Amino acid sequence: MAKVILFDLDGTLLPMDTHQFINHYIKELAPRVGHIVEPKKFVQALMAGTEAMIKNVEPAKTNEQVFEETFLAMTSLKRDEIWPTLDEFYDTVFPTFSHMTTPSKKAKEVVEEAVKQGFRVAIATNPVFPKVAIDHRLNWAGIDDLPFELVTVYEELSFTKPNVEYYLDICERLRVEPTDCIMIGNDVQEDMVTSTLGMNTFLVEGNVIDRGEPHYHIDDRGTLDDLYEKLANRQGIFK
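Everything in the sequence shown is counted per this note's numbering, starting at 297 for the first residue and increasing by one.
Structure follows, in structure tokens:
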């Protein structure tokens, strides 16, 4: 029987249109650093830094370090010239983006039911954001007070989705084998890739992201309500 349930956050426990959310985030952030770096150049460096994190395979560097190296090199800035402005943005502006999400009480009920059923739980969100941004989103979802053993943030992780190294790192941190885990997410490629490691998978419907390729095995699928019922009744992969 599986021991650990890994939950994706955006589009899974926190219903949202991720594409719209990211576009809004960039649209709001770029002008606020305009007094430091030209907004278009900032966005290019932001995207390049994100791509560098996704491509990174060096375990010795955190995603934060990889992002900073690429971003600062492209903007010719020093960290202390722009990071205070970014920190202020995450503290004061980012929290207002909650209107871009549609939190569901069922998310908390699902996690609480998983704990009740004896599963260990962790948040396996793509660690391309700093901890403060992920903490805000946990709060919006109403699950920030739940006993997650791990929440993946870019200050601590060295890999990202869809790299299997990201999931193997999680398993190592939790001291479990991939076959001891169930991955619950809404992204067919980034989350369901865990099936190649032997994890059982559950695709949450409502905000499904599917790029068409590659295809991965999906053990079960349904809404958050369906997920709750299957957990509560120990059906399928939750037996």
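No residue lacks a Cβ here, since even glycine has one placed at the ideal position from N, Cα and C. Source: prediction; values computed, not measured.
{"query": "Continuous alpha helix (DSSP H) assignments of at least 4 residues falling wholly in the segment 344-403", "result": "359-371, 375-388"}
{"query": "Every unbroken alpha helix (DSSP H) inside the segment 314-342 [4 residues or more]", "result": "314-328"}
{"query": "Completely contained beta strand (DSSP E) runs for the segment 445-533, where each covers 3 or more residues", "result": "477-481, 496-500, 516-518"}
{"query": "Endpoints, the beta strand (DSSP E) within which A298 is located", "result": "Premise fails: A298 is in no beta strand (DSSP E) and is neither H nor E."}
{"query": "Beta bridge counterpart(s) of D440 as assigned by DSSP", "result": "Answer is none; D440 lacks a bridge partner."}
{"query": "Classification of E486 by the beta-carbon crowding that lies within 10 angstroms, buried from 16 upward", "result": "buried"}
{"query": "Contact set for V504: own chain, Cβ-Cβ below 6 Å, skip 5 residues either direction", "result": "N482"}
{"query": "Spatial distance of M495 from P458 (CA atoms)", "result": "14 Å"}
{"query": "Which of helix, strand or coil DSSP assigns to A429", "result": "helix"}
{"query": "Under 8 Å between C-beta atoms of D516 and F498", "result": "yes"}
{"query": "Residue burial classification, G345 (beta-carbon count within 10 angstroms, cutoff 16)", "result": "buried"}
{"query": "For V484 and R507, the rounded distance between their alpha carbons", "result": "8 Å"}
{"query": "Close Cβ partners of L523 (< 6 Å) along its chain, the five nearest in sequence each way excluded", "result": "V406"}
{"query": "Euclidean distance between Cα positions of Y463 and E324", "result": "31 Å"}
{"query": "Environment of P510 [buried if 16+ CB atoms lie within 10 Å]", "result": "exposed"}
{"query": "Pair within 8 Å by beta-carbon distance, A341 and P335", "result": "no"}
{"query": "Contact test: R517 Cβ vs the ligand GTP heavy atom, cutoff 7 Å", "result": "Absent from the structure shown: the ligand GTP. Ligands present: none."}
{"query": "Residues that L310 bridges to, as DSSP identifies them", "result": "D306"}
{"query": "Best match in F393, D376, D313, Q316 for proximity to W543 [C-alpha to C-alpha]", "result": "Outside the modelled stretch of the chain, which goes from 297 to 535, sits residue 543, for which no answer is possible."}
{"query": "Option in I439, R530, F338, P426 with minimal Cα separation from L310", "result": "I439"}
{"query": "Burial state of V353 (16 or more Cβ within 10 Å)", "result": "exposed"}
{"query": "Where A420 sits in the DSSP three-state scheme", "result": "coil"}
{"query": "Cβ pair count under 8 Å reaching 3, the segment 405-420 against the segment 441-453", "result": "yes"}
{"query": "Whole-angstrom C-beta distance between V300 and F415, which should lie under 8 Å", "result": "7 Å"}
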